[in-house]
Ligand SMILES: Nc1ncnc2c1ncn2[C@@H]1O[C@H](COP(=O)(O)OP(=O)(O)OP(=O)(O)O)[C@@H](O)[C@H]1O
Ligand SMILES: [Mg+2]
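Numbering (the numbering used here), first residue to last: 130 to 374.
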């Protein structure tokens, strides 16, 4: 029997038929502003409240900004600071560009340094939940696509070895469902969830879909969601009749 890690997010565990299989390393891909950072933050927040420590690696924003944005979007979460103080949520912001070494006009990215930083932070926080926001940024710093795939493979196997369950965010070029193209590196991950816009112009709505999840069956339905002060609200099957697009 696979042990399922509850995300604790309203509606998400139902479309995941219970949760994310433990030790899965999944990618959450979405267009700009689709809510990738906030959803992955809420995953850590809900898990922290269940007593599972998590680490958030912010590669695109400072830790301060991540916390500020989360507090502003989720105004009902009044215990974020308390969870951080207790060590149940650790936010580690890191600017990957500090790892680029310039040598004779070419840049090489010390990916190993990032992996060891992740490992030491996860160990000292005794975390079993991890978020990396985003892996797309790491991709910008590796010159060729093959090197990037190799780096992603190393990242995934490191996280598996650490015994964590993770959400790694990735950017999708298009926010539209019909134009979705999956990059080859996505196939390395144990699961893929996408967030995108459906419908035309004024009828545009946000929706998510589980594309794959190794180890567990899941809904294949495109499911609308909203970001509310109480957290994400994912309109799983029973309430879908409220939506038309
Ligand atoms: N205070 C708020 N109240 C309600 N919704 C908010 C609030 N702040 C942000 N949002 C919503 O959340 C979205 C941004 O969420 P988030 O930063 O998680 O997106 P993202 O996918 O990580 O974006 P990016 O591609 O820029 O990294 C906004 O586009 C907006 O729809
Ligand atoms: Mg983001």
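Don't be surprised by glycine CBs; every beta carbon is placed ideally from N, CA and C.
Integer Cβ distance of residue i from residue j, believed to fall under 8 angstroms
i           : j           : result
residue 221 : residue 184 : 6 angstroms
residue 297 : residue 247 : Not a contact, Cβ separation roughly 11 angstroms.
residue 283 : residue 240 : 7 angstroms
residue 155 : residue 320 : 3 angstroms
residue 163 : residue 324 : 4 angstroms
Residue i burial status per 10 Å Cβ neighbour count (16 or more: buried)
i           : result
residue 274 : exposed
residue 316 : exposed
residue 314 : buried
residue 168 : buried
residue 366 : exposed
residue 330 : exposed
residue 290 : exposed
residue 179 : exposed
DSSP state of residue i mapped onto helix, strand, coil
i           : result
residue 163 : coil
residue 342 : strand
residue 325 : strand
residue 319 : coil
residue 217 : coil
residue 279 : helix
residue 135 : coil
residue 337 : strand
residue 223 : coil
residue 259 : strand
Own chain, CB closer than 6 angstroms to residue i, minus 5 neighbours either side, in chain order
i           : result
residue 204 : 358
CB contact below 8 angstroms: residue i versus chain B
i           : result
residue 366 : Checking the listed chains, one finds no chain B in this structure; it contains a single protein chain.
Sequence-distant residues of the same chain with beta carbon closer than 8 angstroms to residue i, five excluded per side
i           : result
residue 202 : 167, 356 and 358
Sufficient close CB pairs (3 or more, under 8 angstroms) joining the stretch 151 to 169 to the stretch 300 to 318: A contact exists between the stretch 151 to 169 and the stretch 300 to 318.
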